[in-house]
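Residues 0 to 254 in numbering that gives the first Met the number 0 are what the sequence shown spells out, letter by letter.
Glycine included, every Cβ here is placed at the ideal spot set by N, Cα and C.
Fair warning: this is a prediction, and the values are worked out from it, not measured in the lab.
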Amino acid sequence: MLAPDRLVRFARHIVLPEIGGAGQVALAQASVALVGLGGIGSPLLQYLAAAGVGRLTLIDDDAVEASNLQRQTIFAEADIDQPKADMAREWVGRFDNAIDVAARVMRLGRENATAELAGHSLVLDGCDNFATRLTVSDACVKLRIPLVSAAVGRFQGQVGAFAGHLPGQPCYRCFVGDAFDAEDCDSCAEDGMLGAMAGWAGTFAALQAMRVILDGVAGLGDPRFGKLDVLDGLAPSLRTIRIAKDPACAGCSAG
Ligand SMILES: [Zn+2]
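Structure representation (structure tokens):
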């Protein structure tokens, strides 16, 4: 049950048949790990916190830079040079003190990802490099946690939901393969990025996260596992790609 002040706070959600009281309770009981607090992670965090997600773990090893402020909407000039995870935790504290929030100023790798992500009901990846994305995906399959992965560059965004631990369902590694395993492919600085495009991808990922959290609870909840939505900000347009499970995938194959 939700306390009276929470019923008021989330009234516009609760009145939606697709969420309702049961859906709002599910959001309050959800425990979400957010990997990457950049252009995607900022709006994603804002909408997850606003939606009443009860527990958040914020993971990022970077500090805020002046060039981040063009799209990383939770940070201000006073945050420059401070760790993003710590500043993001402070933002959540100011926004809704009832959220149980933890900050981890660290980079996830093979040696720590499983331990850090264990115990969450959903992982959201909005980080900026393939090595971390693949590490996070493999840990999610191992831990049997669904993953929403979001990426953006220039005018294009990609948001996909994965449940590689389920029979027949692909993981993120099925989608991209092993090619990028060791390589840092962050090209945002050279290629440029439209700030609002990161916002669209981030809020789209927040909506996708709600579908996963509300799966089996409320009418919003088709989790759309194994589908990737490609957002084009120039056209603009949206198209959906279905991803096949790779029987030889190093992340999710049974063998
Ligand atoms: Zn796979």
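Compare the beta carbon distance of residue i and residue j with 8 Å and say whether it is the shorter of the two.
| i | j | result |
| --- | --- | --- |
| residue 120 | residue 73 | no |
| residue 208 | residue 123 | yes |
| residue 250 | residue 170 | yes |
| residue 201 | residue 36 | no |
| residue 156 | residue 233 | no |
| residue 248 | residue 173 | yes |
| residue 140 | residue 204 | no |
| residue 12 | residue 28 | no |
Can you tell me whether residue i is buried or exposed? The criterion is at least 16 other CB atoms within 10 Å of its CB, across all chains shown.
| i | result |
| --- | --- |
| residue 236 | exposed |
| residue 228 | buried |
| residue 82 | buried |
| residue 115 | buried |
| residue 10 | exposed |
| residue 38 | buried |
| residue 161 | buried |
| residue 222 | buried |
Using only the alpha-carbon positions, how far apart do residue i and residue j sit?
| i | j | result |
| --- | --- | --- |
| residue 62 | residue 100 | 19 Å |
| residue 85 | residue 142 | 26 Å |
| residue 34 | residue 145 | 14 Å |
| residue 45 | residue 67 | 16 Å |
| residue 60 | residue 190 | 22 Å |
| residue 241 | residue 225 | 6 Å |
| residue 18 | residue 51 | 12 Å |
| residue 21 | residue 110 | 37 Å |
| residue 69 | residue 80 | 16 Å |
| residue 7 | residue 212 | 21 Å |
| residue 210 | residue 78 | 32 Å |
| residue 199 | residue 2 | 32 Å |
| residue 26 | residue 192 | 31 Å |
| residue 96 | residue 47 | 14 Å |
| residue 14 | residue 94 | 22 Å |
Below 6 Å CB to CB, which residues in the same chain sit around residue i once its five sequence neighbours on both sides are set aside?
| i | result |
| --- | --- |
| residue 30 | 54, 119, 120 |
| residue 238 | 229 |
Near residue i, which residues of its chain fall below 8 Å by C-beta distance, leaving aside the five closest residues on each side in sequence?
| i | result |
| --- | --- |
| residue 88 | 57, 100, 101, 102 |
| residue 246 | 252 |
If you measure from the beta carbon of residue i to each beta carbon in chain C, is any gap under 8 Å?
| i | result |
| --- | --- |
| residue 208 | This model lacks chain C altogether; it includes just one protein chain. |
Kindly indicate which residue of the options has the alpha-carbon position closest to the one of residue i.
| i | options | result |
| --- | --- | --- |
| residue 158 | 213, 69, 164, 206 | 206 |
| residue 166 | 243, 38, 148, 97 | 243 |
| residue 149 | 168, 197, 130 | 197 |
| residue 117 | 132, 138, 238 | 138 |
| residue 136 | 152, 176, 90 | 176 |
| residue 194 | 75, 154, 5, 15 | 154 |
Given residue i, which residues of its chain have a CB within under 7 Å of its CB, disregarding the five upstream and five downstream residues?
| i | result |
| --- | --- |
| residue 64 | 79 |
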